[in-house]
Amino acid sequence: MLDGRRYEVPSDLKTSAYITSSEYEKKYKESIENPDKFWNEQARNIEWIKPFTKVKNTSFEQGKIDIKWFEDGQLNISQNCLDRHLATKGDDIAIIWEGDSPSLSRQMTYKELHEQVCRFANVLKSQGIKKGDVVVIYMPMVPEAAVAMLACTRIGAIHSVIFGGFSPEAIAGRIIDSNAKLVITSDEGIRGGKIIPLKKNVDAALAKPEITTVEKVIVFERTGHHDAWHSERDIWWHEAVNAADPYCDYEVMDAESPLFILYTSGSTGKPKGVLHSTAGYLVYTTLTFKTVFNYQPKDIFWCTADVGWITGHSYLVYGPLSNGATIVMYEGIPSYPTPNRLSQIVDKYQVNILYTAPTAIRALMAQGDVVVENTHRNSLKLLGTVGEPINPQAWIWYHETIGNSRCPIVDTWWQTETGGFLITPLPGAHALKPGAAMKPFFGVQPALVDNEGNFIEGEGEGNLVIMDSWPSQARTLYGDHARFEEAYFATFKNTYFSGDAAKRDADGDIWITGRVDDVLNISGHRLGTAEVESALVAHPKIAEAAVIGVPHDIKGQAIYAYITLNAGEEADDALYLEVKNWVRNEIGAIATPDYIHATKGLPKTRSGKIMRRILRKIACDEADQLGDISTLADPSVVEKLISEYKCLL
Ligand code: PRX
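Position in the sequence shown counted from 1, then plus 108, gives you my numbering.
Structure representation (structure tokens):
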């Protein structure tokens with residue numbers, strides 16, 4: 109299963125990279141033995157309004173989880189991402205925007221971005237937004253999404269970006285949980301030629317009587333089409349920005365001030381509002397961006413992630429802009445309108461570093477060589493991947509076909525909660541193995557434990573835990589510290605539990621094998637089985653539901669939903685369609701079940717617990733490995749499920 113190939117460090121990077129092999133060994137050791145000294149030095153890469161005197165003050169002790177970095181320092185993130193570059197890089201391009209249609213393109217220099225952020229920060233202030241208020245951003249991939257994020261950080265507001273694919277229900281849940289005061293959206297979005305009715309979705313969410321905190325909605329005009337306009341509430345972005353003052357001073361923020369909330373799925377309950385804070389997040393994303401991508405001045409960096417995910421936060425906006433980098437922001441999808449669109453964009457802007465997800469790589473690979481037709485991609489120096497384990501075959505295709513067999517690939521393992529890369533190769537330091545995330549970044553101490561919490565030393569596989577804090581670690585779940593402790597620190601005492609499993613090979617390199625909890629990974633997007641189940645059982649005809657992830661060639665995992673219907677209801681094609689649309693409306697398109705299996709009864713223990721292990725085996729076509737089913741209240745349901753499964757395919 110593990111592909112045996114190994115790609116040595118390219119000879120030019122061996123000596124020229126920021127971090128070479130011997131430096132990695134030395135610095136890693138230093139970062140673990142003396143984190144205060146190491147992070148004290150690294151924190152000098154950002155600007156402080158008031159320097160810190162304390163570096164690390166963190167506890168992973170049960171019941172006392174408390175994470176503080178650089179706690180008495182003061183700074184502002186938008187100042188770090190914009191103002192500090194103006195003197196030397198003011199005329200450099202900060203954002204190159206490529207529209208969904210190949211004929212649309214814009215560029216913004218650091219000076220221009222600074223002015224837009226200042227103006228928009230003044231708009232927010234004029235609408236009564238203050239330090240500590242929560243602002244929702246539900247935007248397409250346009251530079252104004254980054255402007256909105258940076259404007260929030262300029263005045264100390266906490267942004268909560270919601271991915272544009274989420275439904276009104278999902279938006280409403282996030283607004284209610286965070287008591288957001290203002291929503292920033294767009295009339296519509298466009299992706300792959302399809303219209304996304306963003307403003308309409310916001311209107312539908314805000315129509316819910318439970319939402320009482322939102323006072324204003326600022327609307328960016330992307331297409332010029334929208335339905336309703338609530339003149340007492342809705343404000344056009346362009347009108348407000350044009351009328352605003354072009355300079356806005358930045359707020360002085362404490363190191364631990366909340367920076368943003370980003371909702372993500374867990375194994376239980378509703379999505380969790382992961383809260384990141386200011387200084388540690390910036391120090392860590394600034395350093396990881398520079399060293400893991402080996403970013404050199406003038407390099408063009410393209411991260412294909414949407415701003416609605418953590419990758420879009422850390423490595424499309426904050427990490428790159430803090431380094432004064434030039435980023436490409438793309439509104440569309442890799443194969444629209446032609447299969448070679450991604451490669452064309454690489455050539456068009458002479459992209460040097462490309463960072464994308466295994467699901468996109470597999471989707472391109474499946475189309476064959478048309479995806480690189482009439483392009484050369486000679487500008488590329490480095491490739492990156494994130495979001496799920498990359499199968500060696502896709503890694504090798506990415507390396508050979510997109511990267512012309514020339515570019516190292518950094519397979520970066522991290523999470524919404526980690527804020528930045530935790531396990532990843534450094535391109536000048538580590539030989540690469542297709543499918544392996546390889547080595548811990550500075551300051552990160554991964555370990556493998558069995559289900560009882562015993563450490564697995566040497567070669568082996570187990571639950572992936574992190575032994576001590578790193579600066580960009582999430583501080584809490586918004587308004588629910590008890591759930592934070594429970595979700596990450598209760599399973600294995602005194603460590604952070606990632607929810608993933610990993611293997612350590614004979615060389616000590618780490619291979620992530622996937623989630624071990626009830627979290628699905630659909631096209632690199634996290635989704636809780638519990639979330640999809642609760643959407644299903646909210647349907648008036650459904651009595652019970654159990655959701656399983658099954659392997660999928662392109663998406664990594666697909667959703668297989670078992671349902672039982674209320675008495676008198678019949679399963680037919682119309683019902684299946686209705687149920688799929690229902691889930692899409694409740695959560696969003698990414699949660700649409702691929703398979704719906706209606707049945708009369710689910711396998712349960714005598715105490716009524718659904719035995720997912722059995723459902724998983726059946727859905728994965730492994731019914732010959734069911735194991736012991738004698739504890740079931742009614743073992744006959746299993747045969748029935750197996751025969752129904754065969755008919756379903
Ligand atoms: O299972 C791991 C997988 O994505 C999960 C985190 O998802 P999310 O918080 O949405 O963040 C995605 C982008 C950072 C992890 O628990 N994952 C992420 N990167 C990798 C990965 N699995 C294997 N290899 C990776 N490089």
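Heads up, the beta-carbon is just placed ideally off N, CA and C, and yes, glycines get one too.
Because the structure is a prediction, the values reported are computed rather than measured.
The beta strand (DSSP E) enclosing residue i, as first and last residue numbers
| i | result |
| --- | --- |
| Gly664 | 664-673 |
| His633 | 633-636 |
| Val325 | 324-328 |
| Thr372 | 366-372 |
| Thr599 | Unbroken run through Thr599: none, as it is neither H nor E. |
| Cys411 | 408-411 |
| Gly657 | 650-660 |
| Pro554 | 554-557 |
| Asp732 | Unbroken run through Asp732: none, as it is neither H nor E. |
The alpha helix (DSSP H) enclosing residue i, as first and last residue numbers
| i | result |
| --- | --- |
| Met437 | Taken as a continuous stretch (DSSP letters only), Met437 belongs to no alpha helix (DSSP H), being part of the beta strand (DSSP E) at 434-438. |
| Phe397 | 386-400 |
| Thr196 | 192-197 |
| Ser167 | That residue, Ser167, is in no alpha helix (DSSP H); its beta strand (DSSP E) goes 164-167. |
| Gln452 | 449-457 |
| Gly377 | Neither: Gly377 is in no alpha helix (DSSP H) and is coded neither H nor E. |
| Asn309 | 306-314 |
| Ile292 | Segment 290-294 is the beta strand (DSSP E) holding Ile292; no alpha helix (DSSP H) there. |
In DSSP terms, what residue i is bridged to
| i | result |
| --- | --- |
| Ile517 | Leu491 |
| Ala609 | Asn571, Gly622 |
| Val242 | Ile266 |
| Asn350 | Note: Asn350 sits in no beta bridge, so no partner. |
| Lys122 | None, per the DSSP bridge assignment. |
| Tyr115 | Leu540 |
| Phe274 | Gly696 |
| Lys158 | Gln182 |
| Gln215 | Ile204 |
Other residues of its chain near residue i: CB distance less than 8 angstroms, five sequence neighbours each side excluded
| i | result |
| --- | --- |
| Gly420 | Val269, Cys411, Ala413, Asp414 |
| Leu488 | Val454, Val459, Asn460, Ile461, Leu462, Ile510, Gly511, Asn512, Arg514, Cys515 |
| Tyr703 | Val658, Ala666, Ile667, Tyr668, Ala669, Ala727, Leu756 |
| Phe563 | Ala555, Leu556, Val557 |
| Gln170 | Glu593, Phe597, Ala598, Lys601, Asn602 |
| Tyr753 | His705, Ile726, Ala727, Asp729, Ala731 |
| Asp199 | Thr217, Tyr218, Lys219 |
| Phe160 | Ala151, Phe178, Glu179, Asp180, Gly181, Ala363, Ala387 |
| Lys748 | Thr707, Lys708, Gly709 |
Same chain, Cβ closer than 7 angstroms to residue i, five either side skipped, listed in chain order
| i | result |
| --- | --- |
| Thr123 | none |
| Ala731 | Lys725, Ile750 |
| Leu395 | Gln150, Asn153 |
| Arg721 | none |
| Tyr392 | Gly527, Gly528, Trp578, Pro579, Ser580 |
| Ile408 | Thr434, Val436, Tyr457, Gln458, Val459, Asn460 |
| Val645 | Glu652, Ala653 |
| Ala348 | Val231, Ile326 |
| Leu383 | Pro366, Ile369, Ala582, Arg583, Thr584, Leu585, Tyr586 |
| Tyr132 | Leu534, Ala537 |
| Ala590 | none |
| Leu673 | Lys649, Ile650, Ala651, Ala679, Ala706 |
Integer Cβ distance of residue i from residue j, believed to fall under 8 angstroms
| i | j | result |
| --- | --- | --- |
| Thr386 | Ser365 | 5 angstroms |
| Ala280 | Ala259 | At roughly 24 angstroms, the Cβ-Cβ gap does not stay under 8 angstroms, so Ala280 and Ala259 are not in contact. |
| Leu190 | Val225 | 6 angstroms |
| Thr707 | Lys688 | Not confirmed; about 17 angstroms, so no contact. |
| Lys717 | Leu740 | The pair is not a contact, with the Cβ atoms about 10 angstroms apart (cut-off 8 angstroms). |
Neighbourhood of residue i by C-beta, 6 angstroms cutoff - its chain only, sequence neighbours within 5 removed
| i | result |
| --- | --- |
| Leu110 | Bear in mind that a pLDDT of 47 at Leu110, under 50, signals an unreliable position, so the model cannot answer this. |
| Ala254 | Val425 |
| Gln187 | Tyr358 |
| Ala544 | Asp617, Trp619 |
| Leu450 | Pro442 |
| Val745 | Gly709, Pro711 |
> Does the pairing of the region 354-361 with the region 606-614 give three or more beta-carbon distances under 8 angstroms?
Replying inline: no
> Just checking, does the region 473-491 make contact with the region 520-527 on the three C-beta pairs under 8 angstroms criterion?
Replying inline: no
>> Using 8 angstroms as the cut-off, can you tell me whether the region 148-162 makes contact with the region 557-565, which would need three or more C-beta pairs spanning the two stretches below that distance?
In response: no
> Are there three or more Cβ pairs, one per stretch, closer than 8 angstroms when the region 592-601 is compared with the region 174-193?
Replying inline: no
> Between the region 275-290 and the region 241-249, do at least 3 Cβ pairs fall closer than 8 angstroms?
Replying inline: yes
> Hey, is the region 473-481 in contact with the region 442-449, meaning 3+ C-beta pairs nearer than 8 angstroms?
Replying inline: yes
> Pairing CB atoms from the region 494-501 with CB atoms from the region 569-588, are three or more of them under 8 angstroms?
Replying inline: no
>> With a threshold of 8 angstroms, are at least 3 pairs of Cβ atoms found where one atom belongs to the region 341-352 and the other to the region 318-326?
In response: yes
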